[in-house]
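Chemist: Take this note's numbering: the last position of the sequence shown gets the number 248, and nothing is skipped along the way.
Note that CB positions come from ideal geometry on N, CA and C, so glycine has one too.
As the structure is a computational prediction, the values presented were derived from the model and not from experiment.
Here it is, the structure in full.
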Amino acid sequence: MKPLAVFLRHAAIGVLLFVIAGGALTHRASAQVPDSILNEDPATVTAAPIPDRVEGLNRAVFKFNDGFYRVAWRPLSRGYVKVVPRPARRGIGNFSRNLGYPTRLAGNLLSGRGRAALKETGRFLVNITAGLGGFLAVANDIPKLQTSESDLGVAFTTWGAGHGTYVVLPIVGPTSLRDGIGDAISGIFLAPTQYLSEWEYRATAAGLDAVNQSPEAMRTYDHLKSAAIDPYVALRDAFSARRAQQMRDQTLTGASPAVPARTATP
(Lines of atoms letter the chains of each structure in order from A and count residues from 1; the text may use other names and numbers.)
(Lines give C-alpha, C1' and ligand atoms only; values in the text may rest on other atoms or scores of the structure.)
Protein backbone atom coordinates (compact mmCIF):
# COMPACT_ATOMS: atom_id res chain seq x y z
CA MET A 1 0.00 0.00 0.00
CA LYS A 2 1.30 3.46 -0.90
CA PRO A 3 2.63 5.53 2.05
CA LEU A 4 0.15 8.35 1.33
CA ALA A 5 -2.77 5.92 1.39
CA VAL A 6 -1.55 4.43 4.67
CA PHE A 7 -1.24 7.88 6.24
CA LEU A 8 -4.67 8.97 5.05
CA ARG A 9 -6.25 5.74 6.28
CA HIS A 10 -4.94 6.30 9.81
CA ALA A 11 -5.75 10.00 9.69
CA ALA A 12 -9.28 9.28 8.53
CA ILE A 13 -9.85 6.79 11.33
CA GLY A 14 -8.66 9.36 13.85
CA VAL A 15 -10.84 12.09 12.44
CA LEU A 16 -13.89 9.84 12.42
CA LEU A 17 -13.56 9.38 16.15
CA PHE A 18 -14.50 13.06 16.44
CA VAL A 19 -16.61 13.61 13.35
CA ILE A 20 -19.69 11.83 12.08
CA ALA A 21 -19.69 12.10 8.29
CA GLY A 22 -17.79 15.36 8.58
CA GLY A 23 -20.78 17.14 10.05
CA ALA A 24 -19.54 18.13 13.51
CA LEU A 25 -21.28 20.98 15.24
CA THR A 26 -22.08 23.06 12.18
CA HIS A 27 -24.38 20.85 10.17
CA ARG A 28 -23.82 22.54 6.79
CA ALA A 29 -20.49 22.60 5.08
CA SER A 30 -21.37 25.96 3.67
CA ALA A 31 -22.32 27.41 7.07
CA GLN A 32 -19.50 29.87 7.55
CA VAL A 33 -19.54 32.94 9.77
CA PRO A 34 -22.06 35.01 7.73
CA ASP A 35 -24.53 32.18 8.30
CA SER A 36 -23.90 32.09 12.05
CA ILE A 37 -26.91 31.69 14.27
CA LEU A 38 -25.69 34.68 16.25
CA ASN A 39 -26.13 36.93 13.22
CA GLU A 40 -29.89 36.62 13.51
CA ASP A 41 -31.83 37.96 16.46
CA PRO A 42 -34.92 35.79 17.02
CA ALA A 43 -36.83 38.87 18.18
CA THR A 44 -36.35 40.58 14.81
CA VAL A 45 -37.75 37.74 12.72
CA THR A 46 -41.52 37.54 12.47
CA ALA A 47 -41.72 33.76 12.35
CA ALA A 48 -42.79 31.17 14.87
CA PRO A 49 -40.07 28.88 16.25
CA ILE A 50 -39.76 25.53 14.54
CA PRO A 51 -42.12 23.07 16.28
CA ASP A 52 -40.23 20.97 18.82
CA ARG A 53 -42.29 17.79 18.92
CA VAL A 54 -39.57 15.61 20.44
CA GLU A 55 -38.17 18.05 22.99
CA GLY A 56 -37.37 15.41 25.58
CA LEU A 57 -35.21 13.44 23.17
CA ASN A 58 -33.70 16.61 21.74
CA ARG A 59 -32.68 17.84 25.19
CA ALA A 60 -30.99 14.51 25.93
CA VAL A 61 -29.01 14.72 22.69
CA PHE A 62 -28.20 18.37 23.38
CA LYS A 63 -26.77 17.39 26.77
CA PHE A 64 -24.67 14.66 25.16
CA ASN A 65 -23.40 17.07 22.50
CA ASP A 66 -22.50 19.64 25.13
CA GLY A 67 -20.33 17.11 26.92
CA PHE A 68 -18.74 15.96 23.68
CA TYR A 69 -17.87 19.51 22.69
CA ARG A 70 -16.33 20.17 26.11
CA VAL A 71 -14.31 16.96 26.36
CA ALA A 72 -13.29 16.29 22.76
CA TRP A 73 -14.22 18.94 20.25
CA ARG A 74 -13.00 22.06 22.04
CA PRO A 75 -9.48 20.66 22.72
CA LEU A 76 -9.27 19.49 19.10
CA SER A 77 -10.34 22.94 17.91
CA ARG A 78 -7.77 24.72 20.07
CA GLY A 79 -5.01 22.41 18.92
CA TYR A 80 -5.94 23.00 15.30
CA VAL A 81 -5.76 26.78 15.75
CA LYS A 82 -2.28 26.50 17.26
CA VAL A 83 -0.96 24.28 14.48
CA VAL A 84 -2.61 25.73 11.36
CA PRO A 85 -1.94 29.44 10.64
CA ARG A 86 -4.82 31.84 10.04
CA PRO A 87 -4.23 32.35 6.27
CA ALA A 88 -4.29 28.59 5.75
CA ARG A 89 -7.50 28.21 7.75
CA ARG A 90 -9.11 31.01 5.77
CA GLY A 91 -8.07 29.44 2.49
CA ILE A 92 -9.39 26.02 3.51
CA GLY A 93 -12.68 27.62 4.52
CA ASN A 94 -12.99 29.43 1.19
CA PHE A 95 -12.16 26.23 -0.70
CA SER A 96 -14.73 24.22 1.28
CA ARG A 97 -17.41 26.82 0.70
CA ASN A 98 -16.69 26.75 -3.02
CA LEU A 99 -17.25 22.99 -2.96
CA GLY A 100 -20.77 23.72 -1.71
CA TYR A 101 -21.62 25.15 -5.14
CA PRO A 102 -23.60 22.09 -6.36
CA THR A 103 -25.91 22.27 -3.34
CA ARG A 104 -26.48 26.01 -3.70
CA LEU A 105 -27.01 25.64 -7.44
CA ALA A 106 -29.54 22.84 -6.96
CA GLY A 107 -31.34 24.83 -4.27
CA ASN A 108 -31.69 27.82 -6.56
CA LEU A 109 -32.76 25.82 -9.60
CA LEU A 110 -35.33 23.80 -7.66
CA SER A 111 -36.65 27.06 -6.19
CA GLY A 112 -37.08 28.54 -9.66
CA ARG A 113 -34.40 31.20 -9.07
CA GLY A 114 -32.59 31.08 -12.38
CA ARG A 115 -30.81 34.41 -11.95
CA ALA A 116 -29.45 33.38 -8.55
CA ALA A 117 -28.26 30.10 -10.07
CA LEU A 118 -26.35 32.04 -12.73
CA LYS A 119 -24.77 34.23 -10.06
CA GLU A 120 -23.70 31.17 -8.08
CA THR A 121 -22.17 29.71 -11.22
CA GLY A 122 -20.36 32.97 -11.87
CA ARG A 123 -19.03 33.02 -8.30
CA PHE A 124 -17.81 29.46 -8.61
CA LEU A 125 -16.01 30.07 -11.90
CA VAL A 126 -14.38 33.28 -10.69
CA ASN A 127 -13.19 31.65 -7.48
CA ILE A 128 -11.71 28.55 -9.10
CA THR A 129 -9.90 30.60 -11.76
CA ALA A 130 -8.88 33.95 -10.27
CA GLY A 131 -9.10 32.57 -6.73
CA LEU A 132 -6.45 29.88 -7.08
CA GLY A 133 -8.85 26.98 -7.18
CA GLY A 134 -11.18 28.53 -4.61
CA PHE A 135 -8.70 29.25 -1.83
CA LEU A 136 -9.28 32.97 -2.36
CA ALA A 137 -12.87 34.26 -2.27
CA VAL A 138 -12.36 36.71 -5.13
CA ALA A 139 -16.07 36.74 -6.03
CA ASN A 140 -16.90 38.37 -2.68
CA ASP A 141 -15.52 41.62 -4.08
CA ILE A 142 -17.80 41.60 -7.14
CA PRO A 143 -21.17 43.20 -6.20
CA LYS A 144 -23.03 41.78 -9.21
CA LEU A 145 -22.24 38.24 -8.09
CA GLN A 146 -23.71 38.53 -4.60
CA THR A 147 -26.75 36.41 -3.83
CA SER A 148 -28.49 34.92 -0.81
CA GLU A 149 -27.71 31.41 0.42
CA SER A 150 -29.73 28.48 -0.85
CA ASP A 151 -29.90 24.76 -0.20
CA LEU A 152 -32.34 21.90 -0.63
CA GLY A 153 -34.19 22.84 2.55
CA VAL A 154 -34.92 26.25 1.03
CA ALA A 155 -36.11 24.57 -2.16
CA PHE A 156 -38.42 22.27 -0.21
CA THR A 157 -39.91 25.36 1.42
CA THR A 158 -40.85 26.83 -1.95
CA TRP A 159 -42.66 23.58 -2.66
CA GLY A 160 -44.75 24.07 0.47
CA ALA A 161 -42.91 21.66 2.79
CA GLY A 162 -42.82 22.65 6.44
CA HIS A 163 -40.01 21.95 8.88
CA GLY A 164 -41.81 18.95 10.38
CA THR A 165 -40.07 19.16 13.73
CA TYR A 166 -36.93 20.58 15.25
CA VAL A 167 -34.23 17.93 15.65
CA VAL A 168 -30.92 17.86 17.51
CA LEU A 169 -28.60 15.31 15.93
CA PRO A 170 -25.73 13.68 17.84
CA ILE A 171 -22.51 15.65 17.25
CA VAL A 172 -24.00 17.46 14.24
CA GLY A 173 -26.34 19.69 16.24
CA PRO A 174 -29.57 21.55 15.39
CA THR A 175 -31.60 21.03 12.24
CA SER A 176 -35.17 20.18 11.30
CA LEU A 177 -36.70 17.10 9.72
CA ARG A 178 -37.02 18.89 6.38
CA ASP A 179 -33.55 20.41 6.46
CA GLY A 180 -32.00 17.18 7.69
CA ILE A 181 -33.41 15.30 4.70
CA GLY A 182 -32.10 18.02 2.40
CA ASP A 183 -28.67 17.91 4.01
CA ALA A 184 -28.54 14.11 3.70
CA ILE A 185 -29.39 14.25 0.00
CA SER A 186 -26.79 16.97 -0.53
CA GLY A 187 -24.14 15.06 1.37
CA ILE A 188 -24.71 11.83 -0.54
CA PHE A 189 -25.29 13.10 -4.08
CA LEU A 190 -24.11 16.72 -4.36
CA ALA A 191 -20.92 16.88 -2.28
CA PRO A 192 -17.95 16.65 -4.70
CA THR A 193 -15.86 14.81 -2.10
CA GLN A 194 -18.32 11.91 -2.21
CA TYR A 195 -16.99 11.04 -5.65
CA LEU A 196 -13.40 10.54 -4.54
CA SER A 197 -12.34 6.96 -5.24
CA GLU A 198 -11.06 5.98 -1.78
CA TRP A 199 -13.03 6.33 1.45
CA GLU A 200 -9.89 7.57 3.20
CA TYR A 201 -9.83 10.61 0.93
CA ARG A 202 -13.55 11.24 1.42
CA ALA A 203 -13.33 10.98 5.20
CA THR A 204 -10.21 13.12 5.42
CA ALA A 205 -11.70 15.86 3.23
CA ALA A 206 -14.95 15.92 5.21
CA GLY A 207 -13.13 15.80 8.53
CA LEU A 208 -10.77 18.62 7.58
CA ASP A 209 -13.70 20.82 6.61
CA ALA A 210 -15.43 20.16 9.93
CA VAL A 211 -12.30 20.75 11.99
CA ASN A 212 -11.54 23.93 10.06
CA GLN A 213 -15.00 25.29 10.91
CA SER A 214 -14.70 24.29 14.56
CA PRO A 215 -12.97 27.40 16.01
CA GLU A 216 -15.75 29.75 14.87
CA ALA A 217 -18.41 27.17 15.66
CA MET A 218 -17.13 26.76 19.22
CA ARG A 219 -16.99 30.53 19.76
CA THR A 220 -20.55 30.85 18.50
CA TYR A 221 -21.75 28.03 20.75
CA ASP A 222 -19.89 29.29 23.83
CA HIS A 223 -21.19 32.83 23.36
CA LEU A 224 -24.77 31.67 23.01
CA LYS A 225 -24.50 29.30 25.96
CA SER A 226 -22.98 31.88 28.31
CA ALA A 227 -25.63 34.50 27.49
CA ALA A 228 -28.68 32.25 27.80
CA ILE A 229 -30.76 31.21 30.79
CA ASP A 230 -31.71 28.02 28.93
CA PRO A 231 -29.04 27.29 26.27
CA TYR A 232 -31.23 24.63 24.66
CA VAL A 233 -34.07 27.10 24.01
CA ALA A 234 -31.62 29.80 22.93
CA LEU A 235 -30.03 27.52 20.34
CA ARG A 236 -33.39 26.34 19.06
CA ASP A 237 -34.76 29.88 18.71
CA ALA A 238 -31.58 31.19 17.10
CA PHE A 239 -31.58 28.35 14.59
CA SER A 240 -35.26 28.99 13.84
CA ALA A 241 -34.55 32.69 13.33
CA ARG A 242 -31.65 32.03 11.01
CA ARG A 243 -33.64 29.71 8.79
CA ALA A 244 -36.58 32.13 8.75
CA GLN A 245 -34.25 34.92 7.64
CA GLN A 246 -32.81 32.73 4.89
CA MET A 247 -36.31 32.06 3.60
CA ARG A 248 -37.06 35.79 3.65
CA ASP A 249 -33.89 36.48 1.66
CA GLN A 250 -35.19 34.11 -1.01
CA THR A 251 -38.57 35.79 -1.34
CA LEU A 252 -37.94 39.53 -0.84
CA THR A 253 -38.08 41.10 -4.28
CA GLY A 254 -35.27 43.53 -4.90
CA ALA A 255 -33.63 42.88 -1.55
CA SER A 256 -29.86 43.16 -1.32
CA PRO A 257 -28.58 39.94 0.24
CA ALA A 258 -25.72 39.94 2.64
CA VAL A 259 -22.36 39.54 0.95
CA PRO A 260 -20.79 36.22 1.96
CA ALA A 261 -17.67 37.13 3.86
CA ARG A 262 -14.41 35.27 3.86
CA THR A 263 -14.20 32.72 6.58
CA ALA A 264 -13.41 34.51 9.83
CA THR A 265 -10.72 32.75 11.78
CA PRO A 266 -9.00 33.63 15.03
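#1: If you draw a straight line from the C-alpha of residue 178 to the C-alpha of residue 80, how long is it?
#2: If distances are taken between C-alpha atoms only, which option among 155, 209, 48, 99 comes closest to residue 83?
#3: Please return the same chain residues whose Cβ sits closer than 6 Å to the Cβ of residue 229, not counting the five positions on each side in sequence.
#4: Express the C-alpha separation of residue 61 and residue 68 in angstroms, rounding to a whole number.
#5: With a threshold of 8 Å, are at least 3 pairs of Cβ atoms found where one atom belongs to the region 139 to 153 and the other to the region 98 to 112?
#6: Write down the C-beta distance between residue 121 and residue 114 rounded to the nearest angstrom, noting that I regard them as a contact closer than 8 Å.
#7: What's the call for residue 211, buried or exposed, on a 16-neighbour Cβ count within 10 Å?
#8: Measure the C-alpha to C-alpha separation of residue 59 and residue 205 and round it to an integer number of angstroms.
#9: Am I right that residue 161 and residue 89 are in contact with their C-beta atoms under 8 Å? What's the rounded C-beta distance?
#10: Of the choices 166, 118, 198, 217, whose alpha-carbon is the least far from that of residue 37?
#11: Have a look at residue 77 and residue 166 and give me their C-alpha separation to the nearest angstrom.
#12: Give a yes or no on whether the minimum CB-CB distance between residue 65 and chain C is below 9 Å.
#13: Return the residue from the list 220, 153, 149 that minimises the CA-CA distance to residue 159.
#14: Taking C-alpha atoms, which residue in 34, 169, 156 lies nearest to residue 224?
#15: Roughly how many angstroms separate the alpha carbons of residue 87 and residue 125, rounded to a whole number?
#16: Less than 9 Å between the beta carbons of residue 214 and residue 40, yes or no?
#17: Could you name the residues of the same chain whose beta carbon sits closer than 7 Å to that of residue 116, not counting the 5 residues immediately before and after it, in chain order?
#18: Is residue 30 near residue 222, with beta carbons less than 9 Å apart?
#19: Among 48, 193, 153, which residue has its Cα nearest to the Cα of residue 74?
Modeler: According to the structure shown:
#1: It is roughly 17 Å from the alpha-carbon of residue 178 to the alpha-carbon of residue 80.
#2: Taking the Cα of residue 83 as reference, the smallest distance to any Cα among 155, 209, 48, 99 is reached at 99.
#3: Closer than 6 Å at the Cβ level, and outside the excluded window around residue 229, lie 139.
#4: Going by the C-alpha atoms only, they are around 13 Å apart.
#5: No contact exists between the region 139 to 153 and the region 98 to 112.
#6: Not really, about 13 Å apart at Cβ, beyond 8 Å.
#7: By the neighbour-count rule (16 or more Cβ atoms within 10 Å), residue 211 is not buried but exposed.
#8: Between the alpha carbons of residue 59 and residue 205 lies a gap of roughly 16 Å.
#9: About 11 Å separates the beta carbons of residue 161 and residue 89, which is beyond the 8 Å limit, so they are not a contact pair.
#10: Closest by alpha carbon: 217.
#11: A direct Cα-to-Cα measurement between residue 77 and residue 166 gives close to 21 Å.
#12: Among the chains of the structure shown, chain C does not appear; only one protein chain is present.
#13: Looking at the Cα atoms, 149 is the closest of the given residues.
#14: When only C-alpha atoms are compared, the closest one is 156.
#15: If you take the alpha carbons of residue 87 and residue 125, they lie about 19 Å apart.
#16: Contact: yes.
#17: The answer, listed in chain order, is 76, 77, 80, 109, 110.
#18: In this structure, residue 222 lies closer than 9 Å to residue 30 by Cβ.
#19: The shortest Cα separation from residue 74 among 48, 193, 153 belongs to 193.
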